[in-house]
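**Q** The structure follows.
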Amino acid sequence: MTDGSRTVADIIAGRYGELTRSERRLADTISENYPVSGLGSITTLAENADVSTPTVARMVQKLGFKGYAEFQARLHQELEATLSNPIAKHDRLARNVPDTHILNRFGEAAMDNMRRTLSQLDQETFGGAAALLSDLDRAVYFVGGRITGAIAGYFYTHMQVIRPKTTLMSSNSGSWPQHMLNMAKGDVLVIFDIRRYEQDMATLARVASENGVEIILFTDQWASPVTKFARHTFRVHIEVPSAWDSSVVTLFVVEALIEAVQAKSWDKTRQRISQLEGLFEQSRLFRRPG
Numbered sequence: 110m111t112d113g114s115r116t117v118a119d120i121i122a123g124r125y126g127e128l129t130r131s132e133r134r135l136a137d138t139i140s141e142n143y144p145v146s147g148l149g150s151i152t153t154l155a156e157n158a159d160v161s162t163p164t165v166a167r168m169v170q171k172l173g174f175k176g177y178a179e180f181q182a183r184l185h186q187e188l189e190a191t192l193s194n195p196i197a198k199h200d201r202l203a204r205n206v207p208d209t210h211i212l213n214r215f216g217e218a219a220m221d222n223m224r225r226t227l228s229q230l231d232q233e234t235f236g237g238a239a240a241l242l243s244d245l246d247r248a249v250y251f252v253g254g255r256i257t258g259a260i261a262g263y264f265y266t267h268m269q270v271i272r273p274k275t276t277l278m279s280s281n282s283g284s285w286p287q288h289m290l291n292m293a294k295g296d297v298l299v300i301f302d303i304r305r306y307e308q309d310m311a312t313l314a315r316v317a318s319e320n321g322v323e324i325i326l327f328t329d330q331w332a333s334p335v336t337k338f339a340r341h342t343f344r345v346h347i348e349v350p351s352a353w354d355s356s357v358v359t360l361f362v363v364e365a366l367i368e369a370v371q372a373k374s375w376d377k378t379r380q381r382i383s384q385l386e387g388l389f390e391q392s393r394l395f396r397r398p399g
């Protein structure tokens with residue numbers, strides 16, 4: 110019996126070391142164009158991986174599925190979940206609404222998302238991302254989509270105070286080539302891409318990666334296609350009883366990274382904040398008592 114909260118890709122990664130050479134070749138084939146690569150017939154998948162159909166049958170059972178049909182059903186569920194629009198999500202949730210207040214339902218879902226995300230979040234990934242963002246020799250660029258662009262802007266606003274050489278890219282992909290012109294090998298590109306993944310994000314990530322740019326990705330539990338180009342990926346659980354996905358845990362990880370980065374160079378950060386406060390004072394930006 111497989112864990113319903115984990116994707117097939119998670120299950121394969123967790124059991125990869127137990128697979129035979131042929132099964133690993135099969136697993137790699139599935140990963141190349143996941144999850145679409147596993148949606149054809151068992152014969153087609155076997156031929157694409159250059160293995161026998163019994164090898165496919167054995168591996169899916171080793172992964173905890175009763176057979177190829179159940180394996181494919183899980184992939185179809187994942188694909189449907191990533192393509193769901195707000196109306197489809199609302200209608201699915203409306204079928205079985207518990208008789209509890211929305212605040213309680215939402216709170217429970219958000220806390221469950223937090224627990225699941227933290228249980229799967231690799232501290233080495235977190236530390237590696239913090240190290241890249243702390244390296245002042247690298248320029249850092251931030252970009253998000255139609256909704257996640259707001260989180261990219263939030264991250265950028267804080268990082269701009271902590272360190273120099275930061276740039277917020279517009280969610281409009283038409284402006285991206287000009288930014289890419291300035292990206293140098295070793296620079297960092299922070300991408301936010303959650304389900305209904307935006308096609309241009311994968312193109313941006315591919316071109317940036319080919320030019321030596323290090324990518325930090327914030328995505329969901331199903332994982333954006335950008336994952337294959339990212340050096341560090343944060344897979345955050347986002348489902349709540351709403352037509353919209355939740356940004357609560359994504360923002361939590363972002364704020365934890367902000368603290369980790371500023372703590373690495375607090376003396377310089379403190380100096381920058383002090384200078385900024387002086388500029389605020391000169392411009393009379395904030396209300397003063399009296």
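Everything in the sequence shown is counted per the working numbering, starting at 110 for the first residue and increasing by one.
We put the CB at the ideal spot given by N, CA and C, even for glycine.
Since the model is a prediction, treat every value here as computed from it, not as a measurement.
D246 by DSSP, collapsed to three states: which one?
**A** Note: D246 maps to coil in three-state DSSP.
**Q** Please confirm if the segment 361-370 is in contact with the segment 145-163, defined as three or more CB-CB distances below 8 Å between the two stretches.
**A** No, because fewer than three Cβ pairs between the segment 361-370 and the segment 145-163 fall closer than 8 Å, the two stretches do not touch.
**Q** Suppose the cutoff is 7 Å on Cβ atoms and the five residues either side in sequence are ignored; what does the same chain contact list for A182 look like?
**A** Answer for A182: no residue qualifies.
**Q** Are E323 and R340 closer than 8 Å when you measure CB to CB?
**A** In contact: E323 and R340 (Cβ atoms closer than 8 Å).
**Q** Taking DSSP's pairing of strands, which residues face I325 in a bridge?
**A** According to DSSP, I325 bridges with V299 and H341.
**Q** Return the chain-ordered ranges of every beta strand (DSSP E) run that is complete within the segment 129-201 and spans a minimum of 3 residues.
**A** The qualifying runs do not exist here; there are none.
**Q** T359 lies in the alpha helix (DSSP H); which residues open and close that run?
**A** Its alpha helix (DSSP H) spans residues V357 to K373.
**Q** Could you work out which residue in T312, I303 and A239 is closest to R255 when comparing CA atoms only?
**A** Comparing Cα positions, the closest option is I303.
**Q** Thinking just about the alpha-carbon of each residue, which of H346, K171, E348 and I325 is nearest to the one in K337?
**A** Answer by Cα proximity: I325.
**Q** Expressed to the nearest angstrom, what Euclidean distance is found between the alpha-carbon atoms of F395 and L388?
**A** For F395 and L388, the distance between alpha carbons rounds to 11 Å.
**Q** Do you know how far the Cα of V349 is from the Cα of D244?
**A** Roughly 36 Å separates the two Cα atoms.
**Q** Please report how far the alpha carbon of R167 lies from the alpha carbon of Q186, in whole angstroms.
**A** Taking the straight line from one Cα to the other gives about 22 Å.
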